[in-house]
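Quick note: the sequence shown uses my numbering, first residue 15, plus one each step. Where is the CB? At the ideal position from N, CA and C, for every residue including glycine. Inspection log for the structure reproduced underneath, given as structure tokens.
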Amino acid sequence: MTGRRLTSLLAYVTTATAGASLLTGCGVLPGTTGGSREPVTVMTWAPDQTRATNMPGMPAMAQTYARWVNSQGGIDGHELRILTCNEHNTTTGAAACARRAVREKAVAVVGSYSQNGRAFMAPLEAAGIPYIGGYGISEDEFTSPLSYPVNGGQASLIAGHGMQLAASCRKVSLVRPDTLAGDKLPELLNSGLRKASHRSAIDIPAVEDAAEYTEPAVKAREKAGAEDGCVTAVLGERTQTFFDSFRRLPQQESDSRNGDGSGDGSGEKKDGVRISSVLGSVGQPVIDRTGGAHSPFEGAFVTGWYPEASDKSWAPMRKVIQEHAFADNRVDPADAGVQTTWIAYTVLKEVVETLDADKITATQIAFALDRGARIDTGGLTPTLRWKYEDLLGAPGFPRIVNHEVTFQMVRKGQLVAQRPGFVDVGETVLSAP
């Protein structure tokens, strides 16, 4: 062997030995989760920079969660890899995100938002990919056997909102999107109102992405009436626009109690009409953006899925955001999308840990959930389980397992509990046509 070849061989052996020592010294390369376990790849999608509802905090929370869990050694030794996708609030965008999840071998879609359930569920079902903890905005999330919702979706919110309003409102005007999904809201709200032998709400369909809502605002105020009337709007991100139009309406001559046009902090506005909405259409970030204690939402009734943002149950999530979001202002701990994503990834983490396998597949995850894996979310929801006997079985929403909501209201610019604890709306949802 020549001296030149011997030198090359020694260099190769030295390099290989050094590389092996990096991989085996403490078991990992710096900054990796290491071990023999394969990474777990999942996707989170949501619309961003669209004219309708946007949820950029959900993919951002997913990335924050991955940074945190990987800094702890991953999920049961598996590095968590996050794919994100903008579904653009369109059927083609949602379908494209789902196909990408299939193509890149994601084992689950976690904590995502899309109104286009039919477009994204078909590709996921064909590939056997579970949909864990979607926002709850599309009907398919509550019908597909591969969907595992962590909340009761719009159905529980709206039915619960009817129960919340029945105690304080003589008449209710509902302003909702003029869409297929919006068409289901009146009967759900009425199911809650009927719980207290209340008359049905006045249904006012409106364009989902309008720039202003003066005409439906006038109609809503007139129909609700000044005597204990309530106007509720469920327009997603455009709810803020609606109530801005509502606030700008000329004061009715019959009212002389608050001539300056201000509210009194109890939800009673300048014309004696109280306003209300549900989580997702109104939340703490919206209240903060629109003036806090001086926002048009001061005194509003709000129905939510989870405890108020100041509840101690959110402390672990807040700590993760503080330490791993790196000043990303999309990750707001008071945002319902961020909260749902945190809970959805809690489900993923607990399921992967129960599998105790070197390789995690979509089939394994779905099978574990179907067999009755119990998920403790630390008081943010009831214990979650998706066995057949746990499903609510409501028409149109058979896969609801969490049918509890919270009653909140806006006081001094903060969402606070109107009454403590959760309210079970399962029977109310079941009674909706």
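Could you tell me which residues DSSP puts in a beta bridge with THR304?
-> According to DSSP, THR304 bridges with nothing at all.
According to DSSP, what are the bridge partners of ARG422?
-> Per the sequence shown, the amino acid found at residue 422 is Gln instead of Arg. Answer is VAL316 and ALA431, bridged to GLN422.
Can you tell me which of ALA140, GLU337 and TYR145 puts its alpha carbon nearest to the alpha carbon of LEU383?
-> With distances taken between Cα atoms, LEU383 lies closest to TYR145.
Option in ASP302, HIS308, VAL316 and GLU312 with minimal Cα separation from SER291 | Each of ASP302, HIS308, VAL316 and GLU312 was checked against the Cα of SER291, and the nearest Cα belongs to VAL316.
Below 8 Å between beta carbons: does that hold for ILE89 and GLU367?
-> Yes. Within cutoff.
Same chain, Cβ closer than 6 Å to GLU282, five either side skipped, listed in chain order = Its pLDDT being 44, under 50, GLU282 is placed unreliably in this model, and the coordinates cannot settle the point.
What are the start and end residues of the alpha helix (DSSP H) that includes ALA246?
-> The residue you asked about is not Ala; residue 246 is Thr in the sequence shown. Where THR246 is concerned, there is no enclosing alpha helix (DSSP H), although the beta strand (DSSP E) around it starts and stops at 243-247.
Cutoff 8 Å; reference ASP223; Cβ partners in own chain excluding five residues on either side = Closer than 8 Å at Cβ, skipping near neighbours: ARG65, ALA66 and ARG252.
From this set, GLY243, HIS338, ALA140 and THR228, which residue's C-alpha is nearest LYS119's C-alpha?
-> For the residues GLY243, HIS338, ALA140 and THR228, the minimum Cα distance to LYS119 belongs to ALA140.
Excluding the five sequence neighbours on either side, which residues of its own chain have a C-beta within less than 7 Å of the C-beta of ASP346, listed in chain order?
-> The residues GLY71, PRO299 and VAL352, in chain order, have a CB closer than 7 Å to that of ASP346 in the same chain once the five nearest residues on each side in sequence are set aside.
Kindly give me the distance between the Cβ atoms of PRO137 and ARG413, rounded to whole angstroms, as I take these residues to be in contact under 8 Å.
-> The distance from the Cβ of PRO137 to that of ARG413 is about 19 Å, inconsistent with a contact at the 8 Å cut-off.
Kindly indicate which three-state DSSP category ASN100 falls into: helix, strand or coil?
-> Per DSSP, reduced to three states, the secondary structure at ASN100 is strand.
Supposed close pair ILE143, SER187 - CB separation, criterion 8 Å = The C-beta distance from ILE143 to SER187 rounds to 41 Å, too long to fall under 8 Å, and the pair is not in contact.
For HIS102, which of VAL124, GLY91, THR78 and GLN63 has the nearest alpha-carbon?
-> Proximity to HIS102 across VAL124, GLY91, THR78 and GLN63 peaks at GLN63, based on C-alpha coordinates.
Three-state secondary structure (DSSP) of VAL54 = VAL54: strand per DSSP, three-state reduction.
Confirm, please, whether the CB-CB distance from ARG190 to VAL248 is below 8 Å.
-> Yes, the pair counts as a contact, with Cβ atoms nearer than the cut-off.
Would you mind stating whether SER309 and GLY427 have Cβ atoms separated by less than 8 Å?
-> Yes. Within cutoff.
Helix, strand or coil at TRP328 according to DSSP, with G and I counted as helix | Residue state, collapsed to three classes: helix.
Sort THR395, LEU207, ALA371 and ARG344 by Cα distance to VAL361 and report the nearest one.
-> VAL361 has its Cα closest to that of THR395, out of THR395, LEU207, ALA371 and ARG344.
If you count every other CB in all the chains shown that lies within 10 Å of the CB of THR228, and 16 or more means buried, which is it?
-> Classified as exposed, THR228 has fewer than 16 neighbouring CB atoms from the shown chains inside 10 Å of its CB.
Please go through the same chain and pick out, in chain order, the residues whose beta-carbon is closer than 6 Å to the beta-carbon of GLY393, but skip the five residues on each side of it.
-> These residues qualify, in order along the chain: SER327.
Proximity winner among ASN100, THR55, VAL83 and ARG81, relative to ASN68 (alpha-carbon distances) = Checked all of ASN100, THR55, VAL83 and ARG81; the closest Cα to ASN68 is ASN100.
Residue span of the alpha helix (DSSP H) that contains VAL237, given as start and end | The residue asked about is misnamed: residue 237 is Lys in this sequence, not Val. DSSP places LYS237 inside the alpha helix (DSSP H), whose first and last residues are 228-238.
So the beta strand (DSSP E) ILE289 belongs to, where does it begin and stop?
-> Its beta strand (DSSP E) spans residues 287-292.
Would you identify the three-state DSSP class for LYS198, choosing helix, strand or coil?
-> Three-state DSSP puts LYS198 in coil, outside helix and strand.
In this structure, does DSSP put ASP342 in helix, strand or coil?
-> In the structure shown, ASP342 sits in coil (DSSP, three-state: anything other than H, G, I, E or B).
Excluding five sequence neighbours on each side, which residues of the same chain lie with their C-beta closer than 7 Å to the C-beta of ARG262?
-> Non-local C-beta neighbours of ARG262 in its own chain, meaning closer than 7 Å and more than five positions away in sequence, are absent.
Between the stretch 104-124 and the stretch 166-175, do at least 3 Cβ pairs fall closer than 8 Å?
-> With a cut-off of 8 Å, the stretch 166-175 and the stretch 104-124 do not count as touching, because too few Cβ pairs lie within range.
Three-state class that DSSP yields for VAL365 in the structure shown = Of the three classes helix, strand and coil, the one that applies to VAL365 here is helix, per DSSP.
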